[in-house]
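Here the structure is laid out as structure tokens; the discussion comes afterwards.
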């Protein structure tokens, strides 16, 4: 017992430092408190000059884009603002929808999440709840978005054509796009009802209509503003604050979602929370 | 008897006084208990290098000397690789002693935890998990 106690005592008093990539901090041992991480020296990217343009005169949205203002991966919360709910008005739900969401537990949220189920984020989740970078490849008349997450992609015509009159529901929906000045406006209907618009139960109906306004105010920045109409679920249309993405200079990685053990873990947690027994 | 069974872990938990965990809103905090985090030292035996989460396994001796195989969950490979942890780091740790800062599964699953950090055999500490305890919020 004393041997075990001693081992855990020794382990317990070893401070856990944080390897900060930028500073390369080493571990500090012998302290009873975790080593203090260095303040991040990362700064937001500068604007970087005017946005490039394609041959037809529109802004060229092409590039690899990371959420936030870091221009790459960062743990620094100040540089990852794309999910900052404080700055954004919450959606106003129809009473029945609000009640349904309120009845969900945190575990229900997790069990319904695309990430847990290895499902596509779809539209507009690939902008609203996607922590991973994506690549845009734009040519005259075409907008292609390649998501690192799940290796999902979408290709949208930007020539102002009309919606398919009888589209099948799909994760990315029936998408058409046109330019309004320097902003690409992507209009989407017929979105598969398995997608959520946030991490906490914002489900939608077959009447959901999404408008994504994508602009490149400067070389290094991409802004995305999303408007969601859904008269069955929402009491009124919801518009996001501008979600900021910044230009990275690295290739996307392969990210196929496979064998997420969380599904079984959350099911067990749900069972425990429902009084179905304490799994030991 | 109870102390014999859980002694080491309970003692370690009791000794560790961490800042009050900040509420988190991500999957790790939902699945793992920020109030049940501890340091576990053991032999790195194997790993699964896959998305959306990596996993690795340690053989950890309990206070009675019994060796238990623990499973630890990490963040995605995209995050691991971009934050400086490679598959080679895991490969090189096989058969060696490492120390993991880990938070236990809320569902009570035995010997299962989220890894926040791992101290590799070379002494380097890698952040490989989400911030279950809210320790990293200041940077």
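Residue numbers (my numbering), protein chains in the order written: chain A, -12 to 267; chain B, 10 to 148.
Here a beta-carbon is modelled for each residue, glycine too, at the ideal position from N, C-alpha and C.
Checklist line | Local conformation of residue 48 (chain B) per DSSP, three classes | finding: Residue state, collapsed to three classes: strand.
Margin query: Using a Cβ-Cβ distance cut-off of 8 Å, determine whether residue 123 (chain B) contacts chain A.
Written below: It does not: the Cβ of residue 123 (chain B) has no partner Cβ on chain A nearer than 8 Å.
Notebook entry, point to check: Along the chain, where does the alpha helix (DSSP H) that runs through residue 86 (chain B) open and close?
Noted result: Bounds of the alpha helix (DSSP H) holding residue 86 (chain B) are 86 to 91.
Next item on the list: Anything in chain E within Cβ reach of residue 252 (chain A), meaning under 7 Å, just list it in chain order.
Entry: The structure shown contains no chain E; its protein chains are A and B.
Next item on the list: Determine which residues of the segment 91 to 104 of chain A have a Cβ less than 8 Å from any Cβ of chain B, and write them out in chain order.
Entry: Going along the segment 91 to 104 of chain A in chain order, one finds 93, 94, 96, 97, 100, 102, 103 with a Cβ nearer than 8 Å to chain B.
Check: Do the segment 78 to 91 of chain B and the segment 52 to 70 of chain B make contact, defined as three or more Cβ pairs closer than 8 Å?
Finding: Yes, the segment 78 to 91 of chain B touches the segment 52 to 70 of chain B.
Checklist line | residue 63 (chain A) beta carbon less than 8 Å from that of residue 59 (chain B) | finding: For residue 59 (chain B) and residue 63 (chain A), no; Cβs fall outside 8 Å.
Item checked: Where residue 64 (chain B) meets chain A, residues with beta-carbon distance less than 9 Å -> Going along chain A in sequence order, the residues near residue 64 (chain B) (Cβ under 9 Å) are 248.
Note to self: If distances are taken between C-alpha atoms only, which option among A:193, A:29, A:123 comes closest to residue 234 (chain A)?
What the structure shows: The shortest Cα separation from residue 234 (chain A) among A:193, A:29, A:123 belongs to A:123.
Next item on the list: Report the rounded CA-to-CA distance for residue 11 (chain A) versus residue 256 (chain A), giving the unit in angstroms.
Entry: Per-residue confidence for residue 11 (chain A) stands at a pLDDT of 31, beneath the threshold of 50, marking its modelled position as unreliable; no derived number is given.
Next item on the list: Can you tell me which of A:258, A:259, A:260, A:249 puts its alpha carbon nearest to the alpha carbon of residue 101 (chain A)?
Entry: For the residues A:258, A:259, A:260, A:249, the minimum Cα distance to residue 101 (chain A) belongs to A:249.
Next item on the list: Go ahead and label residue 102 (chain B) buried or exposed: buried means 16 or more other beta carbons lie within 10 angstroms of its beta carbon, across all protein chains shown.
Entry: Burial call: buried.
Item checked: Residues sharing a beta bridge with residue 78 (chain B), DSSP -> Assignment of beta-bridge partners to residue 78 (chain B) by DSSP yields B:68.
Notebook entry, point to check: Taking the alpha carbon of residue 55 (chain A) as the point to measure from, which residue in A:144, A:47, A:188, A:33 has its own alpha carbon closest?
Noted result: Taking each of A:144, A:47, A:188, A:33 in turn and checking the Cα distance to residue 55 (chain A), the smallest one comes out for A:33.
Note to self: Rounded to the nearest angstrom, what separates residue 44 (chain A) and residue 143 (chain A) at their Cα positions?
What the structure shows: Here the alpha carbon of residue 44 (chain A) sits roughly 18 Å from the alpha carbon of residue 143 (chain A).
Margin query: Against chain B, which members of the segment 226 to 244 of chain A pass a CB distance test of less than 7 Å?
Written below: Within the segment 226 to 244 of chain A, contact with chain B at the beta-carbon level (separation under 7 Å) is assigned to 240, 242, 243, 244.
Next item on the list: Note down, in chain order, all residues in the segment 172 to 205 of chain A with a beta-carbon under 9 Å from any beta-carbon belonging to chain B.
Entry: So the close ones are 186, 187.
Notebook entry, point to check: For residue 214 (chain A), which three-state DSSP category applies?
Noted result: Residue state, collapsed to three classes: strand.
Next item on the list: Label residue 50 (chain A) either buried or exposed according to how many other C-beta atoms from any shown protein chain fall within 10 Å of its C-beta, with 16 as the threshold for buried.
Entry: It is buried - the Cβ of residue 50 (chain A) has at least 16 other Cβ atoms within 10 Å.
Note to self: Taking the beta carbon of residue 225 (chain A) as the centre, do at least 16 other beta carbons fall within 10 Å, making it buried, or is it exposed?
What the structure shows: The residue is buried, with at least 16 neighbouring Cβ atoms inside 10 Å.
Note to self: At the level of alpha carbons, what is the spacing between residue 243 (chain A) and residue 134 (chain A)?
What the structure shows: When rounded, the distance between both Cα atoms is 11 Å.
Next item on the list: Report all residues from its chain with a CB closer than 7 Å to the CB of residue 269 (chain A); omit the five preceding and five following residues, and keep chain order.
Entry: It is not possible to answer for residue 269 (chain A), since the shown part of chain A is limited to -12 through 267.
Next item on the list: Report the option in A:35, A:47, A:67, A:41 whose CA atom is closest to the CA atom of residue 29 (chain A).
Entry: When only C-alpha atoms are compared, the closest one is A:67.
Next item on the list: Can you give me the Cβ contacts of residue 94 (chain B) inside the same chain, cut-off strictly under 7 Å, excluding the 5 residues immediately before and after it?
Entry: Answer for residue 94 (chain B): 135, 137, listed in chain order.
Item checked: Range covered by the alpha helix (DSSP H) that runs through residue 187 (chain A) -> Looking at the DSSP string, residue 187 (chain A) is not in any alpha helix (DSSP H), and its letter there is neither H nor E.
Checklist line | Own chain residues within Cβ distance below 7 Å of residue 41 (chain B), not counting five before or after | finding: Within its own chain, the residues whose Cβ lies closer than 7 Å to the Cβ of residue 41 (chain B), once the five positions on either side in sequence are excluded, are 112, 113, 114, 115, 122, 123, 141, listed in chain order.
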